[in-house]
Amino acid sequence: MANFGFGYGVYIFQSWFYLYLVNVRGFSIMQGGLLITGPFIAFATLGPVGGFCSDALVRRYGYTWGRRIVAVTGFVLAALCLYVGAKAANPHTAVVLLSLGDGFLAFAGAAIVGTTIDIAGSHTGTVYGVTVTALQIGGAVAPTLTPMIAERFGWEAALHVAGFLAVVSACVWLFIDAHKRIVTTGAEKIGERRLAAVR
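For the sequence shown, numbering that gives the first Met the number 0 gives the first residue as 0, with consecutive numbering after it.
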């Protein structure tokens, strides 16, 4: 469910943000073409920042809380930016806040990747494939559902749905334990015993 909310929010920006800028916020075609880069710049910037923070917090607080703090913070800030940005009267303020909303999803996404590696070990490829499937389902639903919600209830409501799903994702992360391996091979058990002996 956490990955579904992530994918849903991200794909709104990839599929509908340009038309939102031009048709709803009143930007020209040229302005919309320039401003559409905002979410991608925020995504490319805050994703690595999330990874750096996640690794730093893992060293300080351990796997579970190190990953959880980044994921929950990212999703909550994304929801806040989506909510406030959708309601903003000034169109330029809306662009900045909504772009940051996409960026904070990437911030949280860094913890998703890290946790997958943490819990899956040598089976990371398989587990990551499953989690990305959930992400892509969210990504498939968003481009279809968003304009339907916008047509019936308005674009503000459509963006609020993405914010709500980000909050749901944050809540799900309160139950994810990045320290607990889902599969431990014999070689990994030996490695863990050796590491414990060194400590």
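Each residue gets a CB set at the ideal place from its N, CA and C atoms; glycine is no exception.
By the three-class DSSP mapping on this structure, what secondary structure does residue i have?
i	result
K86	helix
W172	helix
G46	helix
S53	helix
W15	coil
M0	coil
I181	coil
G138	helix
I116	helix
F26	coil
Nearest-angstrom Cα distance between residue i and residue j?
i	j	result
N2	V75	14 Å
A77	G65	19 Å
H178	G31	44 Å
I181	I148	38 Å
A110	V83	24 Å
G120	T114	10 Å
G153	H122	43 Å
How about residue i and residue j: are their beta carbons less than 8 Å apart?
i	j	result
L173	V71	yes
L104	G138	no
L99	A169	no
L46	G8	According to the sequence as given, residue 46 is Gly; it is not Leu. In this structure, G8 does not lie closer than 8 Å to G46 by Cβ.
F106	V48	yes
G50	P90	no
Comparing alpha-carbon positions, which option in the options lies nearest residue i?
i	options	result
L164	A141, A177, R180 and V129	A141
Y17	G102, A43 and V94	V94
A43	G102, Y7, G61 and L79	G102
V57	P47, A85 and D117	D117
T92	L20, W15, F12 and T125	L20
P199	A55, V131 and W15	With the chain covering only 0 through 198, there is no way to say anything about residue 199.
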